[in-house]
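One structure below.
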Amino acid sequence: MLGFQPYETFQLLIESGGVDRTNTLLIAACDAYARRGKATAPEMEQFEALATRLFPIAGPQARAKGAAILGRAAVLSPVLENLVVENIGEDLITFLTSAIELSEQTMLEIISRYDVPAAATLAARPDLSNVVLAKLFQMNSRKVYRALAANTHIVPRGAYLSALARSAQMDHMVAESLAKRSDFDAALLAPAFFDLSDTDRLKVIQAFAHRETPVAPIKKTIELLTVANAELTMALMKLFSENRRPEVTKLLSQITGLDEVRCGQIAHDVTGASLFVILRAFGCSAYDGLKVLIHATSHDSERSRALADFATMFGNVTPDSMAYLMSAWRGEVNLLELAKPEYKPFTETSRRTPALAPAHNPVVEQAIEALARIGIKRAS
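Whatever position you read off the sequence shown (first residue = 1), add 1 for this note's numbering.
Listed below in structure tokens is the structure:
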């Protein structure tokens, strides 16, 4: 059998020897099986009978070593997988990561133990069945959800989409992983907006481009204030130019209904992404909005590019959609409604096309030039 003594010979050796001999036989048998390559069904069946006899009577160290060796075999039956899992000890994670195949039975057994590190390792595998996925999504574990969010072999739809979106609201690492995925609707990350990187915040805003949204609860409040848009932009320009951000915080709190902590984050966001949402929600045009943003954002070498990005978004993102994003910050909407066909983006962004192209609107270009001159004057 498999290049070593027949099973009957091993049986005699086991019965005539002690634990030391059993340990040696176990390791030798596991090594021979692992080196065999792809065993035939009769060979696997014969080795199962031998292994299930040897493992229980071998010493702890021999069991762990034998299991580690056996775990490297090309093919394991569910019975042999179970022997590895039960005896491998600290090397379990390594086995679960490197195993070419794992049976559904073994995966479900591991999940049933609520072994979080092991379950999180399984959640990163590419060969998960729907039954296993369902069990993993039922686990109340951040580690497991972080692995699921980063696993691009899992298609985020239906109940899985809902679970991942909810998890992103509570765990910034889940949100970051989902933001990097091309198959996940970044608009669903709106509640986690302030936990995301600068680049990912723009992705969330861009996800609302050319897109219808349900009516935002905050829309009526905004409509009452839009008559004072000119005064609002002038006030914000003045406060930002004088670096009076605490007063910006109070003003934003009054007009948006967001709490002061959130408004403080917006007032001190030197990237301008969150402030853009407010400005566009209140119907500010690119010309007026950029005049505020140039005073609110940091003045570094990337400023021109950032202004061009915002200018493009002023044209592609509607005030209603940004009002909806604001309502998501306030926890007033069910973002999963965006998955309905009527709220899907009108056009799919091509992977070959930059997400944010430079603006070519003459009015916008004039605004950028004028604001650049303002910046030069202020610097001098």
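The beta carbon of each residue, even a glycine, is placed where N, CA and C say it ideally should be.
**Asked** Just the Cα atoms here: how many angstroms apart are Ala356 and Tyr344?
**Response** Because Ala356 carries a pLDDT of 44, less than 50, the predicted location of this residue cannot be relied on, and no value is offered for it.
**Message:** Here's a check: name, in chain order, each residue in its chain whose Cβ is nearer than 8 Å to the Cβ of Ser254, leaving out the five neighbours to either side.
**Reply:** Once the five neighbours on either side are set aside, the close Cβ partners of Ser254 are Asp260, Glu261 and Cys264.
**Asked** DSSP three-state call for Cys285: helix, strand or coil?
**Response** Cys285 falls in the coil class under three-state DSSP.
**Prompt:** Are Ala187 and Leu165 closer than 8 Å when you measure CB to CB?
**Reply:** If you check the CB distance, Ala187 and Leu165 do not come in under 8 Å.
**Request:** Would you tell me roughly how many angstroms separate the C-alpha atoms of Lys204 and Ala121, rounded to the nearest one?
**Result:** Inter-residue distance for Lys204 and Ala121 is about 27 Å (C-alpha atoms, whole angstroms).
**Asked** Where does Ile101 land, buried or exposed, given buried means 16+ other C-beta within 10 angstroms?
**Response** A residue is called buried when at least 16 other Cβ atoms come within 10 angstroms of its Cβ; Ile101 does not meet this threshold and is exposed.
**Asked** Sorted by chain position, which residues of the same chain lie with C-beta nearer than 7 Å to Leu162's C-beta, five sequence neighbours on each side aside?
**Response** Excluding positions up to five away in sequence, the list reads Ala340.
**Message:** Since Ala74 and Tyr34 should fall inside the 8 Å C-beta cutoff, what is the C-beta to C-beta distance between them, to a whole number of angstroms?
**Reply:** Contact holds; Cβ gap of about 6 Å.
**Request:** Starting from the Cα of Phe185, find the closest Cα among Thr319, Pro157 and Ala40 and give me that residue.
**Result:** Nearest C-alpha to Phe185 among Thr319, Pro157 and Ala40: Pro157.
**Request:** Under 6 Å Cβ to Cβ from Pro359, same chain only, skipping five residues before and after it: list those, please.
**Result:** The predicted model places Pro359 with a pLDDT of 42, which falls under 50 and marks its position as unreliable; any figure quoted below should be read in that light. So the qualifying residues of the chain are Ala309.
**Prompt:** In angstroms, rounded to a whole number, what distance separates the CA positions of Ile429 and Ile267?
**Reply:** The question about residue 429 has no answer, for the chain in this structure spans 2 to 381.
**Asked** So what does DSSP say about Gln255, is it helix, strand or coil?
**Response** DSSP, reduced to helix, strand and coil, places Gln255 within a helical segment of the structure shown.
**Prompt:** Is it the case that the Cβ atoms of Trp330 and Pro192 are separated by a distance below 8 Å?
**Reply:** Taking 8 Å as the Cβ cut-off, Trp330 and Pro192 qualify as a contacting pair.
**Message:** DSSP three-state label for Gln139, please.
**Reply:** Under the three-state reduction of DSSP, Gln139 is assigned to coil, being neither helix nor strand.
**Prompt:** Would Val271 pass as a contact of Leu280 if the rule is Cβ separation under 8 Å?
**Reply:** Cβ distance not < 8 Å, so Val271 and Leu280 don't count as in contact.
**Message:** I need the boundaries of the alpha helix (DSSP H) containing Ala180, first residue and last residue.
**Reply:** Where Ala180 is concerned, the enclosing alpha helix (DSSP H) stretches over His173 to Ala180.
**Separation of Val175 from Asn152, as counted between CA atoms** = Computed Cα separation, rounded: 11 Å.
**Item:** Straight-line Cα distance separating Phe315 from Thr354
**Value:** Because the pLDDT of Thr354 is 41, which lies under 50, any placement of that residue in the model is unreliable, and the number read from its coordinates should be weighed accordingly. Thr354 and Phe315: Cα-Cα distance of roughly 19 Å.
**Request:** Could you tell me whether the segment 96-115 touches the segment 69-86, where touching means 3 or more Cβ pairs closer than 8 Å?
**Result:** These segments touch.
**Message:** So for Pro215, helix, strand or coil by DSSP?
**Reply:** Shown here, Pro215 sits in coil according to DSSP, grouped into three states, outside any helix or strand.
**DSSP-derived helix/strand/coil call for Ile101** = Reduced to three states, the DSSP call for Ile101 is coil.
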